[in-house]
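Student: Position in the sequence shown (first residue = 1) + 2 = my numbering.
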Amino acid sequence: MGSLKKITVRTVEIGGGAPVTVQSMTNTKTSDITETAAQIKRLEERGCDIVRVAVPDMKSADAISRLKENMGVPLVADVHFDYRLALRAAEAGADKIRINPGNIGGEEKAGAVAAICAVKGIPIRIGVNGGSISAAILAKHGGVTPEAMYDSAMEHIGMLNRHDFDDICVSVKSSSVPMTIAAYRILSERTDYPLHLGVTEAGTEYMGLVKSCVGVGALLAEGIGDTIRVSLTAPPEREVEAGIAILKSLGLRKGFELISCPTCGRCGIDLIPIALEVEKRAAGLKGDLSIAVMGCAVNGPGEASRADYGIAGGVGEGVLFKKGEITGKVPMERLVEELFSLIESEEGKI
Numbered sequence: 003m004g005s006l007k008k009i010t011v012r013t014v015e016i017g018g019g020a021p022v023t024v025q026s027m028t029n030t031k032t033s034d035i036t037e038t039a040a041q042i043k044r045l046e047e048r049g050c051d052i053v054r055v056a057v058p059d060m061k062s063a064d065a066i067s068r069l070k071e072n073m074g075v076p077l078v079a080d081v082h083f084d085y086r087l088a089l090r091a092a093e094a095g096a097d098k099i100r101i102n103p104g105n106i107g108g109e110e111k112a113g114a115v116a117a118i119c120a121v122k123g124i125p126i127r128i129g130v131n132g133g134s135i136s137a138a139i140l141a142k143h144g145g146v147t148p149e150a151m152y153d154s155a156m157e158h159i160g161m162l163n164r165h166d167f168d169d170i171c172v173s174v175k176s177s178s179v180p181m182t183i184a185a186y187r188i189l190s191e192r193t194d195y196p197l198h199l200g201v202t203e204a205g206t207e208y209m210g211l212v213k214s215c216v217g218v219g220a221l222l223a224e225g226i227g228d229t230i231r232v233s234l235t236a237p238p239e240r241e242v243e244a245g246i247a248i249l250k251s252l253g254l255r256k257g258f259e260l261i262s263c264p265t266c267g268r269c270g271i272d273l274i275p276i277a278l279e280v281e282k283r284a285a286g287l288k289g290d291l292s293i294a295v296m297g298c299a300v301n302g303p304g305e306a307s308r309a310d311y312g313i314a315g316g317v318g319e320g321v322l323f324k325k326g327e328i329t330g331k332v333p334m335e336r337l338v339e340e341l342f343s344l345i346e347s348e349e350g351k352i
């Protein structure tokens, strides 16, 4: 899974066989240390592995040292246009710098960023987007294409390599899912650099999640990708939850899994609110438990036999089951309570 080459962001490894990590980006003003620190804390609590902050000015760069005082996860400085912001962020203690060398002010200035990062052991993510490709590359390929995105990434990698810097992670994001998938496939085939996956500007929570699941999920299923960010027009906490869910669905991260059937005319219980309640109550469960919420005997214990625990609707009452075996019948109104009582009795305090 993933790339052969590895970088280390403070203590978090990316690539080289390390587990796929989940990232997000704060949407507060980075210079507002109180608000930004609070949001970073919430992201950590959701399971975020790496947090990125925007650095549009020197005040934001200087805030990095204060933010890191109480952070348990690595911090990435996102810099555009002014290489001096990247230099200041590195001095302030950023654990990784995200730049697009093509808009940082030329090769000499990109080299200055590489030099300070080399001294301080800070990796750089080269972030190529469909909208940030040079005019020369666009002319060569007749517009934004997967090959154009690959050429742009290699142009920027070469720029840093010429300054003896190779501690690099790469992303080639587009708002087009097919374009994103194709570009990452090319990059994965032709390089060994760790890849940061994402579909950029994916949209609101619903559509953005759909596009990210298709794009990021397809690549991860092929063994491509080392770290991900699900970009949503939504609170960043939702990005983390979505990223973790994608990894869990592919067996790349452990944790609670809900199994629930689609509703139909056979459904013997009011399934939707029950499934939502179980999902909410089980969110804090530790370990790899799977819980099934099934609507009838047809999709009951048999269809959900791989679940650790579950409930299914029946005629006037529901059933509890464990590993496909019915353990008891209970009134409908007690289904959820009895389910969690069973889990607690078997698994200990939850």
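We put the CB at the ideal spot given by N, CA and C, even for glycine.
A quick note: this is a predicted structure, and the numbers were derived from the prediction, not measured.
Keeping to the same chain, check which residues put their C-beta closer than 6 Å to that of Ser233; ignore five residues upstream and five downstream.
Tutor: Hits under 6 Å: Gly200, Thr202 and Ala204.
Student: Suppose only complete runs of 3+ residues qualify. What are the beta strand (DSSP E) ranges in the segment 213 to 275, listed by chain order?
Tutor: You should have 229 to 231 and 259 to 262.
Student: For Ile128, count the other beta carbons within 10 Å of its own beta carbon; 16 or more makes it buried, fewer makes it exposed. Which is it?
Tutor: Classification of Ile128: buried, given that the 10 Å Cβ count is 16 or more.
Student: I'd like to confirm the pairing. Which residues does DSSP put opposite Gly74 in its beta bridges?
Tutor: Answer is none; Gly74 lacks a bridge partner.
Student: Kindly indicate which three-state DSSP category Thr147 falls into: helix, strand or coil?
Tutor: Thr147: coil per DSSP, three-state reduction.
Student: Excluding the 5 residues flanking Ile276 on each side, which residues of the same chain have their C-beta closer than 7 Å to its C-beta?
Tutor: Closer than 7 Å at Cβ, skipping near neighbours: Val295, Leu337 and Val338.
Student: Taking 8 Å as the threshold (C-beta atoms), are Val242 and Val216 in contact?
Tutor: For Val216 and Val242, no; Cβs fall outside 8 Å.
Student: Just to confirm my understanding: we take Ala155, look at its own chain, exclude 5 residues before and 5 after, and list those with CB closer than 7 Å. What are they?
Tutor: Excluding residues within five positions, the ones whose Cβ falls inside 7 Å are Ile128, Val130, Val172, Val174 and Leu189.
Student: In this structure, does DSSP put Tyr311 in helix, strand or coil?
Tutor: Correct three-state label for Tyr311: strand.
Student: Check the C-beta distance from Tyr85 over to Ala112 and give it rounded, since I have them as a contact under 8 Å.
Tutor: Confirmed, about 7 Å.
Student: Alpha carbon to alpha carbon, how far is Ile328 from Lys31? Give it in angstroms, no decimals.
Tutor: Using only the alpha carbons, I get a separation of about 53 Å.
Student: How about Ala65: is its Cβ closer than 7 Å to a heavy atom in the ligand ADP?
Tutor: Questions concerning the ligand ADP fall outside what the structure shown contains, since it holds no ligand whatsoever.
Student: What residue does the alpha helix (DSSP H) around Phe342 start on, and which one ends it?
Tutor: It spans Leu337 to Glu349 - the alpha helix (DSSP H) in which Phe342 sits, taken as one unbroken run.
Student: Candidates Pro264, Tyr311 and Ser307: which alpha carbon is nearest Leu287's?
Tutor: Residue Tyr311 is the option with its Cα nearest to Leu287.
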